[in-house]
Structures are given as structure tokens and as C-alpha cells.
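Since the structure comes first, as C-alpha cells, the remarks are kept for the end.
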Amino acid sequence: MSRAGFIRFLVVAVAIVVLEIACRAGLIDPITIIPPSGMAAGAWKLIVSGRYTEDILLTLGSVALAAMLAIVGGFGLGYCLFRLPRLRRALDPLLASYYAVPTFIFYPLFIVLFGLNRLPLVAIGFMFAVIAMAINTLTGFERVPPVLRRTARALRLSAPTALVQITMPACAPYLFTGVKLVIAYSFIGVIAGEFVLSGAGIGHQIAFAYNNFDNPTMYGLMLLLISFVSGLNMLLFVWERRFYRRRGLT
Amino acid sequence: MAVTLDKPTRVHGRLPRSVGFDRLLLFLALLVLWQVLSWIAGPEVITSPPATARKLAAIISAPDFVGHAYETGRAFAAALVISLLGGLVIGLALGFRRLAGEVAEPLLVALYSIPKITLYPVILLLFGLGVSAKIAFGAIHGIIPVALFAMNAVRNIRGGHLRAARAMRLTHLQIAIHVLVPATLPEIVAGFRLGFALTLLGTLIGEMFASQRGIGYMLVQAMETNDTATIMALALLLVTIATTASWALLRLDHGLHGNEQH
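Chain order of the listed sequences is A and B.
By numbering that gives the first Met the number 0, the letter at position 5 of the first sequence is numbered 4, and the numbering carries on one by one without gaps.
By numbering that gives the first Met the number 0, the letter at position 41 of the second sequence is numbered 40, and the numbering carries on one by one without gaps.
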């Protein structure tokens, strides 16, 4: 492990131990925060009991659908903006301010449009995530070194071949960042929607547990969710590293 | 390819009209699109642009709006100061201290990517029901992107600048003010633009769940009664505020560099 990695591990471990001790010693009110061991126990009980399996699968399914749509749609949108620089320049202030509006306020509107099912939540997750992917795709395309474009032209590659074999690998770091953000944002969108107005899913169950002072369940669900998202990001990170190494880019 | 993009800067020179004209065109196109969507879906699902504007005017002129706006503005201003200044200080420090940056970066990225909305019960339990919970929720949304932008910008500063600063025996504060900030201004502004939008989002979410006043509260009320016109009008108001701020920061950035007009 690198020196930085070791220090990072120590920092996290010490923080968890301090929190555990502070909770056990009664410095922190158990109504506010329960000790980390309690959270882990809560999470384990949730998995074993199977009571929340249906909600978890429901949320994961919606997030997966929203994320896939956002990756494809965002990539297409980013590519279109790249090819239309006038539109891109005019749109610039709107792209930066897009995230100021909580997308889930349109939930009632989506319910009317899509019906009372999971589709409105998917739509919220998609809307929340698609612009992040588009912005990153756009930035990536703009940062491709001109020499690579010239090479593609010199080799007389067709536009699709150049896109797949030259442009996309060249802007891979930006695309990876986009995908990571899409995952985070579709989780945020779907769960925020569930928080507010849904009767099922992880977000609803966290809000339900909160309202009932059921801290082990609430923190357990949060821990599961956060570990899952972090784990997914870590997998992507490892894959990304391997991808760069195979191309000799590190 | 009709237009070959060798450098992004060259594109600007090639464009025939000013960006202001393009923005006007885009604005009109969005209005038309909105109106068409409203016709397709029906006015009770998507309120038409004129009706939304009328509704917004009615909301703003209502006597209780000033109180709501003041409540949101107060919380947002405090959260914004914490996000921007806090993020800037954290980012500059972590970028300057290489080891600290290496230790902290994956942690920051992990924090940035977790759905912060799940943490809202924890924030409520820690800060109670009130303005401090809203400020905290706004700040945790905005502070990390600002810090990440500033940190990466400082890392990319050419070594010569920093060696010169050390040779002149500048203090850390002097290095930050005279070297780090001027050298990284474009990235800092980019971070501020994102930070502004996300802090506003965080403050509004905080208000939606944990408040009896403010624009977020008005939104929740409208959602619960399925009052589409109010939702659309408030969304329009928020988009206008955030876009204006983002555009102003962009202007500021270009003004400071003295290059092309935007």
C-alpha cells in the first residue's frame, strides 16, 4: 500500500473508532447518532431478515434503468453539443445552472405523464444524471489533442471508426468521470423522489425509519446504500486503472 | 467534416455572430419548445409560458413572498459563504500539500458521490429543525466540488511559480493570495459556478423537508397539492437566478483575463 493510502486508511479507521468511543461513552446522544458497530449490526439484520429486499431491488432496478438511459442520452447530447459549437456556447450558462433546480419537484408532473408507477422516479433520476454525462462528454471531446484528430484524418478513418477507435479512448478519463457522476446522480434523483412522495424503495424506508425513531434501521439502510455506491465507484475506478494500463497511459 | 476543430479558441473566431444573438435564439427556441410541450401534454400538466409568467408575477407580488424569499436568501447566503470560502481554503491547502491532497482526494470524491440526500435525517438530528440545518445541508452540497476544482488547479500550477514564491520567502497566506489564486482563477470560477448551483439545491432540499418557511417549503406545498402552475413558476424563478449568477461569474472570469467578450 502506498504511503498516502496507508495514511488514508488510518484516518478513516481513527475516525470510526473515535465515533464508536464517543457514542459508547455517552458523549453523543444515541437518538442522534448510534455507534458504527450498531449501524453495521443494523445493516446485517436488514439483509438477514429480508424484510427490505424488495425495496432494495426496486430502487436498484430504477437506478440502473435511469443510469443506462442517462449514459446513452448524455453521451449523445454531449456529442451533438460538440458538433454544434454555437449552440454549446449559447447554452453554457444554462448547463452550469442546471443543477440548481431540484429535479424532483417535477415528480407530480411526471406522475401525470407516466402514471403512478416507477417510471416517474426513473425519469427524475435520468433528468438529474443526463446533464452531468453530457457536460463530461463535451469537455472530453474538446480536450482531445488535435494531433489525434489529424492522425484520424490522415488514416482516412470514417467518422464512426474515428469516434470509436480514436476519440472515445482519448477522452476516456472524462467519460469515466461522467459515468461515475451518472451513478451518483441517478441514485440521488431516485432516492430523493422516494423520500418525498413514494410508498416503496430505500428512500421511502429511510424516511419511514426516521419518522419512527428507528435509528438502527435508518443508519443500517444508509450504511448499505453508501457502501454499495462507494463499492460500485471503486469497481469502476479499478476497471479504469486497468484500462489505462492496458493502453500504457499511466 | 465541415468544421474541423483544431483548437476550441479558433472556433470562436469563426463564428459569425455574437454569442448574445445566439443566446436570444436559444431562449426563443426553448420558449417555443415549452409551448409545444404544453399543447401536447395539456395545460394542466405543463403550464404554458405565458401562464407561468403570470403565475410567477402573482407569487412575487403576494404579501407573504418577501418573507419566504428572505428566509431562503438568508440560509443560502450563509451556506454559499461557507461553501465557497471553505471549499477554496480546503482546496488550496490540499493542492499545496501534496501528501495531504493524495490522502484526502479519494475521500472527497467518495463523499461527493454518495447521495447526500440520505444523510438528511442525520443533519436534522445534529442541527435540529431550523435555519442551521438548511445552511449545513446547502454547505455540504457545495463545499466539495469547490474544493476538488481548486485542489486540481493548484496541482497543475507550474513549479516555477511556487519555487519563486518560496525563494521570496512568502508566508502561506501570501502564497495563497498572490500566487495560488491568480494562477488558478479559471478553475476556481468553474468550481464556484458549480458550487453556487449545488449550494442552492442543497438549501432548497433542506427547506423542503425541514422548514415551515422559504421557497423550498412553497415547493413542497405545491407538490402536495399538485399545483403545477406554482411548481413551474418557482422552477422558472430558480433557473433565472442560477443562470444569471452563472453568467455573471463567467463574465467576471473573462473580464479578469481581458480576453474575448461573452
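We treat Cβ as the ideally placed atom computed from N, Cα and C, and that holds for glycine.
Just so it is clear, the structure is predicted and the values come from calculations on it, not from any experiment.
Residue environment analysis places Y184 (chain A) among the buried positions, since at least 16 neighbouring C-beta atoms fall within 10 angstroms of its C-beta. Here G141 (chain B) has S82, G194, L197 and T198 as same chain residues with Cβ atoms under 6 Å from its own Cβ, once five neighbours each way along the sequence are excluded.
For T51 (chain B), the enclosing alpha helix (DSSP H) starts and ends at P48 to S60.
In the three-state scheme derived from DSSP, where H, G and I count as helix and E and B as strand, P29 (chain A) is classed as coil. Ranking A:I33, A:S226, A:L9 and A:F8 by CA distance to the CA of I20 (chain A) puts A:I33 first.
Residue contact check for A241 (chain B) against chain A: a CB pair falls below 9 Å. Shown here for V129 (chain A): same chain residues with a beta carbon closer than 6 Å to its own, the five before and five after excluded, namely A69, G72 and G73 in chain order. Shown here, L184 (chain B) sits in a helix according to DSSP, grouped into three states. V18 (chain B) and G129 (chain B) have their C-alpha atoms spaced approximately 43 Å apart.
With a contact defined as Cβ atoms closer than 8 Å, V178 (chain B) and A164 (chain B) qualify at about 5 Å.
If you look at R73 (chain B), you'll find it in the alpha helix (DSSP H) that goes F64 to V80. Assignment of A241 (chain B) by DSSP, reduced to helix, strand and coil, places it in the helix class. Under the three-state reduction of DSSP output, I113 (chain B) falls in the coil class, being neither helix nor strand.
Taking a contact to require three or more Cβ pairs closer than 8 Å, the region 147–155 of chain A and the region 220–235 of chain A do not qualify as touching.
The beta carbon of V121 (chain A) sits closer than 6 Å to those of S61, L64 and A65, all from its chain and outside the five residues before and after it, given in chain order. Annotation: I187 (chain B) to V180 (chain B) spans about 8 Å, alpha carbon to alpha carbon.
I30 (chain A) reaches chain B at L124, counting residues in chain order whose Cβ is nearer than 9 Å.
Taking 8 Å as the upper bound for CB-CB distance, G66 (chain B) and A149 (chain B) are not in contact here, some 36 Å apart. Among the residues facing chain A, S112 (chain B) is included, as its CB has a counterpart in that chain under 9 Å away.
The C-beta of F74 (chain A) comes no closer than 9 Å to any C-beta of chain B. The alpha helix (DSSP H) runs of length 4 or more contained entirely in the region 54–102 of chain A are, from start to end of the chain, 84–96. Cβ-Cβ distances below 6 Å link G77 (chain A) to A133, T136 and L137 in the same chain, with the five nearest sequence neighbours on each side left out; the list follows chain order. As the crow flies, the alpha-carbon of P172 (chain A) is around 26 Å from that of S245 (chain B).
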